[in-house]
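Down below is the structure, laid out as structure tokens.
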Amino acid sequence: MTTAVQNQSVDNAQAAGAASWRLRVAVASEMAVKIANRLPAMIRFVVVPIAAVIHESVTLGILRPSDVDRMVEKTYSNRPKFYDPREYQLPYEGRLLPMLQELSRGKKLLDAFCGQGREAELFVSAGFNVTAIDRLAWMIEAGKVFAQEKQFDVEFIATDFWEFVPERPFDVVYTSCWMYSTCQGRDRRAAFLQKCKACCSEDGVIVLSTVERSSGQFAGACLRFLLVKCVALATLGNLRSEFGERTYSGLFWHHLSESVVRKEVAAEGLLVLRVMKGTGIDPTFYLLSRLDRVRDGNVSGAS
444 MTTAVQNQSV DNAQAAGAAS WRLRVAVASE MAVKIANRLP AMIRFVVVPI AAVIHESVTL
504 GILRPSDVDR MVEKTYSNRP KFYDPREYQL PYEGRLLPML QELSRGKKLL DAFCGQGREA
564 ELFVSAGFNV TAIDRLAWMI EAGKVFAQEK QFDVEFIATD FWEFVPERPF DVVYTSCWMY
624 STCQGRDRRA AFLQKCKACC SEDGVIVLST VERSSGQFAG ACLRFLLVKC VALATLGNLR
684 SEFGERTYSG LFWHHLSESV VRKEVAAEGL LVLRVMKGTG IDPTFYLLSR LDRVRDGNVS
744 GAS
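With the first letter of the sequence shown counted as 1, position 242 gets the number 685 in our numbering; the numbers rise by one all the way through.
Spelled out as structure tokens, the structure:
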């Protein structure tokens, strides 16, 4: 674990050194929200929602994609204990497993954006042969320690998902919870799908997940989008901001409707096999296949 902490410190220093004035403004607006949360209850009830909307609008409007990347990496680097699999447990992947086991044709699984090995342990226990990758070296080192403690076998590789080239394609390409919603911009999501496709066998399964945009969020999303566009124009910031983008907890999120995801998936030559709907912050999972699998007649139950 010492190695993990040392690597984490290096990551923090690099992120801090690269911070732009835009990122500093976003951090300042976040501090304003924290201060508002310390106000007396009667005042806080009114001030905090306003401060939160202003913070999100300023952050999304002023930050360019490179700034957002730095913000997100800094957030992950500052939370080693939060993402520790001994403490950080989610029920979602366990619910996904029966569906994944039904549709997968083999046991070779890529766990992309694996963090410290929480999901890898689950997939190994379900009988998959797991290769787990993450670009943060300290997380990979922590994952190796966790796997040794729990006595499960995983091939951990410290590498960027975008640069990873497998020796052989995988039967399952699993991308960590909500990861598709953390891709900023349609172009990046298209590239994300193409990368998943390149790592997946012709009859394999790709798993991605999103934060679902509900109909009840529409009015708030419209107001936020208008404010973001105003800030972006005033600061020459994120001029390509998209409807449904959010930022909270130091991370970027795009709340996506199922219809949008289906259109984007189809545009990249992929088919939705199954959908496991989430509510609120619970992820919505999409199990996808390459169209090669459809042409060969090896797919059933597409939804």
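Even glycine gets a Cβ: it sits at the ideal position worked out from N, Cα and C.
It should be emphasised that the depicted structure is a prediction, and the values quoted were computed from it without experimental measurement.
- Annotation: S657 to S624 spans about 14 Å, alpha carbon to alpha carbon.
- For A484, the enclosing alpha helix (DSSP H) covers residues A484 to I505.
- Assigned with DSSP and collapsed to three states, I724 falls in coil, not helix or strand.
- From the listed residues E688, K638 and C665, the smallest Cα separation to V654 is found for E688.
- DSSP places G647 inside the beta strand (DSSP E), whose first and last residues are C643 to E655.
- Taking the Cα positions, I493 is about 23 Å away from R507.
- When beta bridges are read from the DSSP output, T518 appears opposite no residue.
- Where R717 is concerned, there is no enclosing alpha helix (DSSP H), although the beta strand (DSSP E) around it starts and stops at L713 to M719.
- In this structure, the alpha-carbon of A575 lies about 21 Å from that of L546.
- Counting only residues of its own chain and dropping the five nearest sequence neighbours on each side, G712 has a CB closer than 8 Å to the CB of K640, R733 and L734.
- Contact check for S619 and A555: beta-carbon distance about 7 Å, within the 8 Å limit, so the pair qualifies.
- The beta carbon of V616 sits closer than 6 Å to those of L553, C639, C642, C643 and I649, all from its chain and outside the five residues before and after it, given in chain order.
- Distances from the alpha-carbon of M719 to those of E536, M514 and K593 put E536 closest.
- Counting C-beta atoms within 10 angstroms of its own C-beta, Q591 has fewer than 16 neighbours from the protein chains shown and is therefore classed as exposed.
- If you draw a straight line from the Cα of R522 to the Cα of A475, it comes to about 21 Å.
- Between F607 and K551 a beta carbon distance of about 14 Å is seen, past the 8 Å cut, so the two are scored as non-contacting.
- Annotated as distal: G549 and V674, with beta-carbon spacing of 8 Å or more.
- DSSP, reduced to helix, strand and coil, places S624 within a helical segment of the structure shown.
- Excluding the 5 residues flanking it on each side, F728 has same chain C-beta neighbours closer than 6 Å at L539, S652 and M719, in chain order.
- A distance of 8 Å or more separates the beta carbons of Q627 and V703.
- Counting only the Cα atoms, F589 lies some 8 Å from P528.
- Contact check for F695 and V515: beta-carbon distance about 6 Å, within the 8 Å limit, so the pair qualifies.
- Shortest Cα-Cα distance from L716 to any of N681, L731 and K524 involves L731.
- Counting along the chain, the unbroken alpha helix (DSSP H) around V703 starts and ends at E701 to A710.
- Nearest Cα to F595 within the set G560, K517 and I486: G560.
- Approximately 7 Å separates the beta-carbon atoms of Y519 and L579; this is inside 8 Å, confirming the contact.
- As the crow flies, the alpha-carbon of L679 is around 15 Å from that of L669.
- Beta-bridge partners of K524 (DSSP): none assigned.
- With 16 or more other Cβ atoms from the protein chains shown falling within 10 Å of its own Cβ, L699 counts as buried.
- As computed with DSSP, D577 is found in a beta bridge with A601.
- A straight line joining the alpha-carbon of K587 with that of R513 spans about 25 Å.
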